[in-house]
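Trainee: Here the sequence shown stands for residues 509 to 822, where the numbers follow this note's numbering.
Ideal Cβ placement from N, Cα and C applies to all residues, glycine included.
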Amino acid sequence: MKFLKTKTYLVFVSSVIILISCKAEKGEVKKEIQAPKNIANIGCPDYLLKNKYNNLNISLLLDLSDRISDEKYSNQTMSYSDRDLGYIEVISKSFIQHIEKKRLVLMNDKIQLYFEPAPLDETINIKSKQLKEYFDRNLSKKVIEQMKVDYNVLPKEIYSLAQKDNKYVGSDIWRFFKDKVKRYCIEECNRNILIIITDGYVYHEETKLKEENFTSYITPSQLRKYGLNNSKWKEIIEEKKFGFIQATDGLNDLEVLVLGVENHDRKRNPYGKDIIEKYWKDWLGNMGVKKFEVYGAELPSNIESSIKEFILSN
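#1: Rounded to the nearest angstrom, how far is the Cβ of residue 701 from that of residue 811, given a contact under 8 Å?
#2: Can you find a CB in chain B that lies within less than 9 Å of the CB of residue 667?
#3: Report the start-end ranges of each beta strand (DSSP E) in the region 538 to 606 that is 3 residues or longer and not cut off at the edges.
#4: May I have a chain-ordered list of the alpha helix (DSSP H) segments no shorter than 4 residues that lie completely inside the region 682 to 735?
#5: What are the partner residues of residue 619, as DSSP defines its beta bridges?
#6: Given a cut-off of 9 Å, decide if residue 560 and residue 698 are closer than it, judged by their beta-carbon atoms.
#7: Residue 767 by DSSP, collapsed to three states: which one?
#8: Whole angstroms is fine: what's the gap from residue 545's alpha carbon to residue 610's?
#9: Do the region 620 to 637 and the region 659 to 675 make contact, defined as three or more Cβ pairs closer than 8 Å?
#10: Throw me the rounded Cβ distance for the residue 705 and residue 780 pair, which I believe falls under 8 Å.
#11: Contact check, residue 713 vs residue 677 under 8 Å by CB: the rounded distance?
#12: Let me confirm a value: residue 715 is counted as buried when at least 16 other C-beta atoms fall within 10 Å, else exposed. Which label applies?
#13: Please report the straight-line C-alpha distance between residue 639 and residue 652, rounded to a whole angstrom.
#14: What does the Cβ neighbour count give for residue 793, buried or exposed, with the cut at 16 atoms within 10 Å?
#15: Can you name, in chain order, every residue of its own chain whose Cβ lies under 7 Å from the Cβ of residue 593, other than the five neighbours on each side?
#16: Hey, how far is the Cα of residue 602 from the Cα of residue 692?
#17: Consider the C-beta atom of residue 819 and the heavy atoms of the ligand COA; say whether any pair is separated by less than 8 Å.
#18: Spatial neighbours of residue 783 within its chain, please: CB distance less than 7 Å, with the 5 preceding and 5 following residues excluded, ordered by chain position.
#19: Bridge partners of residue 804, per DSSP?
#20: Tell me the DSSP secondary structure of residue 612 in three-state form.
#21: Between which two residues does the alpha helix (DSSP H) containing residue 653 stretch?
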């Protein structure tokens with residue numbers, strides 16, 4: 509009987525030891541399959557997030573309004589459409605320069621082109637989709653060479669089609685910021701750059717909003733109406749609080765480069781370009797953009813270094 513009790517006791521102790529061992533083993537297994545601490549960034553791996561500012565995400569927003577009409581806005585030195593194409597060439601070459609210097613394992617770079625609103629000509633939309641490029645670690649030399657060809661040929665075809673169509677409804681840049689900029693142009697793993705090629709007037713026939721002295725657009729006649737055509741323009745803006753209506757906020761993870769600003773009313777308003785730039789800078793700052801530059805419709809060869817510096821220096 510004593511022997512039986514002892515045997516029972518030994519079996520009990522052995523069972524306890526086995527259970528403890530099993531729990532310990534399960535604990536070890538559980539530890540091995542624990543979720544990573546950075547589960548909030550599950551869409552952006554650590555190795556990319558750490559390299560964020562070397563991962564370019566460039567978005568081009570083109571203003572295909574009547575500003576590209578050679579008949580309405582002729583320029584003997586270089587047409588505005590050719591200037592645009594020159595800017596796009598510099599941008600694409602800067603992007604490729606960045607790609608070619610980067611380690612393949614860290615590749616996570618994008619470039620794409622947008623319009624607002626989308627052109628009625630479906631051919632333009634198809635060609636713009638061909639300019640959407642995403643480069644990852646599977647990048648090949650062939651893909652880079654194809655991008656060089658695409659960005660040399662397709663933008664010219666897009667501008668030619670837009671001019672041939674001759675239906676200029678304006679460019680709704682204000683609404684693009686309101687409804688699309690965060691979804692289209694900002695990625696967690698990337699340094700996000702939006703490059704807007706426009707004369708700066710931000711006019712579209714279906715988006716003409718006004719809140720006190722803030723509007724969703726500016727036009728030459730509007731600036732004259734506000735008395736913003738003399739040397740006191742800055743004081744008038746500050747006093748009467750003229751500017752663009754704030755379209756969104758929280759754009760601290762977006763950099764903006766504006767190219768092509770032009771005063772189409774020089775005879776009646778010699779300060780037009782300065783005023784447009786003031787509108788833009790105030791607007792971008794109010795929406796939270798930390799880094800931005802606004803440049804006029806300069807010759808591509810003259811502004812090339814400024815464009816490259818903006819894109820390639822972080």
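Mentor: Reading from the atomic positions:
#1: Not really, about 16 Å apart at Cβ, beyond 8 Å.
#2: The chain labelled as chain B is not found in the depicted structure, where only one protein chain is given.
#3: 564 to 570, all fully within the region 538 to 606.
#4: As far as the region 682 to 735 is concerned, its whole alpha helix (DSSP H) runs of at least 4 residues are 689 to 693 and 728 to 733.
#5: The beta-bridge partner set that DSSP reports for residue 619 consists of 566 and 641.
#6: The answer is yes: Cβ separation under 9 Å.
#7: In the structure shown, residue 767 sits in a strand (DSSP, three-state: E or B).
#8: Because residue 545 carries a pLDDT of 34, less than 50, the predicted location of this residue cannot be relied on, and the following value inherits that uncertainty. Those two C-alpha atoms are separated by around 28 Å.
#9: Contact annotation: the region 620 to 637 touches the region 659 to 675, with at least three C-beta pairs closer than 8 Å.
#10: About 18 Å; that fails the 8 Å criterion.
#11: Taking 8 Å as the upper bound for CB-CB distance, residue 713 and residue 677 are in contact here, some 6 Å apart.
#12: buried
#13: 12 Å
#14: exposed
#15: 663, 664 and 667
#16: 21 Å
#17: Looking at this structure, you won't find the ligand COA or any other ligand, since it has none at all.
#18: Short of 7 Å from the beta carbon of residue 783, and not among the five residues preceding or following it, lie these beta carbons of its own chain, in chain order: 731, 736 and 741.
#19: When DSSP reads this structure, residue 804 sits in a beta bridge with 769.
#20: helix
#21: 649 to 673
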